[in-house]
Each structure stands twice: as C-alpha cells, then as structure tokens.
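Presented below is the structure to which this report refers.
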Amino acid sequence: MEYFLQTPAWASFQRSLGRTVHEESGPGWRFLAVEERNPGGKVIYTPYGPVADSLEAFDEAVAALVAIARRSRAVFVRMEPVTAGFEAADAGAVLRERGLQPAPSNQQPELSWIVDLDGDFNDVLAGMKPTNRNLYRNIHKKGVTFRSSQDPEDISVLLDFLHMTAARNGFKPQSDDYLTSVARSLMPAGAGTLFIAELEGEPIAAALAYDSADTRTYAHAALDDTHRKLSAGIPLLVTLMADAKDKGLKHVDLWGVAPEDEPDHKWAGFTAFKKSFGGREIAYPGTWDLPVNKLRYGAYQVARKLREKLR
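If you read the sequence shown in full-length UniProt numbering, its first letter stands for residue 1, the second for the next number, and so on.
Below, the structure is given as structure tokens:
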C-alpha cells in the first residue's frame, strides 16, 4: 500500500499552506516530513512514515530525519513508522531500543480498516453485509443517483453536510478553510475526488476520497439528516469503491477504527459501519517521538504533564 500522507500530492498541499516539506529516499526507504510547531518548539513530523523495507533501511531513514532536524534546529522528530521487519505488537521494544518514546497521543489512527479490491467487483460485494449489497443494487429505484466531481467548488456540498452532522453529534469538524484548501489543491490534480448522492437532482450525501498510486482513502463524509432513512451513505461508499476498482486501484482505506475490546470507544459506531463492507484490520505502531534536543524535549514533557494536572 502507498500511504496518501506520503505522496507528492500531499507534499504539494502542505506547501500550498506555506509549510516546509522534506522528501528524501534511499535504498529501501523513503519519507515525506513536514516542519511543524508545538509548545515544545519545532518538530519534524512524518505521518505514516518513514516507509522502510527492513530495519536496516528504517535506521537509515531515521538518520536522515535526525540530520534534517539538526539542520532545522528542531527539538524532536515525530514519526509513525511503516516498516517491514516488525509487527505492531513488538514494535514498541524495537523503537525504544533506538531511543524513541511514545508521543502523548496518536496523530493518525493506530488501527485502520482496509478493503482489498482483488478479483471481480462482485467478489468485493460478496464480502459485504447483504444490506449494503442490496442498497447499492436497488437504491436507484428510490430516485437516488451518484456522481463524482473534481471541481473544488463542489466541496461546499460536503461542508454543508458536515455542519449538520457536527451540530447533531456535538463534534468539531475540520475548518471550512482547511477543507477548501484541500479541495483546491488535490481535486484539480486528480488526487482528490468528491462523491455525491443526489435525490431527484438534490445532494443528500457526500464523501471526499484521496488517491495514492494503489490506494483510495475514505477521508470525510456526511449526509443530509432529512433523508437519513434512505441510508444513502452506504451505496455512496460502495460507489466510491467501485470507482476505485475501475481506476485500477488495489485497496480502499476506510481509515481509523476502534479496538475490538473497547465497545464503548468513541469510534465504535462508525467502526461497525466500516466493518460492514468486509475487509481486514491493519495495525500500526502509533506515533513516536525521537528527541534531538534532549534538554528542550524534557522541558516540553514536564510542561505538558503539568498542564494536564492543572486541567
């Protein structure tokens, strides 16, 4: 799998926001890293990176990241390694041996749900719950149609539905400005596609997906409460998958899911939704920090823990 947050399209988007991006590669490794700032100072952050074929390649990638951090006067490197050679279960020991420590929280999901697009699309449909298959095959009888768009102006459809969902569920979505910037950077470049469900020509649901060379990532989705009983979000997601298959992609990444042993997890509801499409779980080591300026990193950790106690 090629992770979207490690693609040239994501690098271009980050640069469009005025951020400094570092892209390096070597034998068996590569990474995209972004310069960020937090209360500890400057951070070199590589989301779902570095990507490495072996532990030896991983060590070379880390050395390159540390060199960038030193040149940039960053306090630490933050990473989410995707590395052959260790499983997520024992990655902690391997990373600690190399001086890394768990970040205060995971930046990207530690567990994700992947639907593989091997074989005929009927094979993909066969892995889904019957309800999902039936909705996809029959919802047109209720006047619902689907279209895709790479016109960034259409992002307003998704934004309206996200506002409705946020008001209903009491969560704060990413800002309109941010998602508008995403649309303007990625959609004309073919790296982002908006899928829209319409009832008699009026939008009732929308989903934004990002594409890498072999994987489509399901990034943002919301629907109109008025037509909730139609469950248009289900056939909309199947349509997104079918389109990915038609484009020759190999996987659809449905993004973060809750651990199986945490039924009360805040993601439990949409985890059940995602798993109803078939697929498999993939586990990552999580987010880890490698201090470069150990004195300043230590001060950052002390200050962070003090803030948590005061809360």
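Every residue, glycine too, gets a C-beta built ideally from N, C-alpha and C. Just so we're clear, the structure is a prediction, and the values are computed from it rather than from any experiment.
- Look at the beta carbons and you see the segment 218-238 touching the segment 198-209: at least three pairs across the two are nearer than 8 Å.
- In this chain, the alpha helix (DSSP H) harbouring residue 8 covers 8-16.
- With a cut-off of 8 Å on Cβ pairs, the segment 155-168 is not in contact with the segment 111-121, counting fewer than three such pairs.
- Here residue 274 is near residue 255, since their CB atoms are less than 9 Å apart.
- Nearest in C-alpha terms to residue 66, of all of 134, 237, 43 and 181, is 43.
- C-alpha of residue 14 to C-alpha of residue 34: approximately 8 Å in a straight line.
- Burial is judged here by how many other beta carbons sit within 10 angstroms of a residue's own beta carbon; residue 175 has fewer than 16 and is exposed.
- Of the candidates 243, 311 and 292, 292 places its Cα closest to the Cα of residue 101.
- Judged by DSSP secondary structure, residue 308 falls outside any beta strand (DSSP E) and instead within the alpha helix (DSSP H) spanning 294-310.
- Residue environment analysis places residue 287 among the buried positions, since at least 16 neighbouring C-beta atoms fall within 10 angstroms of its C-beta.
- The C-beta of residue 178 has fewer than 16 other C-beta atoms within 10 Å across all chains shown, which makes the residue exposed.
- Inside the segment 97-138, DSSP marks whole beta strand (DSSP E) runs of 3 or more residues at positions 111-116, from first to last along the chain.
- Comparing alpha carbon positions, the residue from 39, 272 and 181 closest to residue 17 is 181.
- Under DSSP, residue 187 shares a beta bridge with no residue.
- Spatial neighbours of residue 10 in its own chain (CB-CB distance under 7 Å, excluding positions within 5 residues in sequence) are listed in chain order as 4 and 32.
- Setting aside the 5 residues that flank it on each side, residue 249 is surrounded in the same chain by 117, 211, 214, 215 and 216, each with a C-beta closer than 8 Å to its C-beta; the list follows chain order.
- In the structure shown, the three-state DSSP call for residue 218 is strand.
- For the pair of segments examined, the segment 188-201 was found to touch the segment 144-155: the number of CB pairs separated by less than 8 Å reaches three.
- Here the C-alpha atom of residue 134 lies approximately 41 Å from the C-alpha atom of residue 50.
- Take residue 91, set aside five residues on each side of it, and the residues of its chain with a beta-carbon closer than 6 Å to its own are 285, in chain order.
- Residue 161: member of the alpha helix (DSSP H) spanning 155-169, first to last residue.
- If you ignore the 5 residues before and after residue 265, its C-beta comes within less than 6 Å of the C-beta of 258, all in its own chain and listed in chain order.
- If you draw a straight line from the Cα of residue 185 to the Cα of residue 192, it comes to about 9 Å.
- For residue 241, the three-state secondary structure derived from DSSP is helix.
- Residue 233 has its alpha-carbon roughly 10 Å from the corresponding atom of residue 240.
- Judged by DSSP secondary structure, residue 49 falls outside any beta strand (DSSP E); it is assigned neither H nor E.
- Bridge pairing for residue 25: 30 [DSSP].
- When only Cα atoms are considered, residue 80 and residue 168 end up about 33 Å apart.
- In the DSSP assignment, residue 59 falls within the alpha helix (DSSP H) that extends over 55-72.
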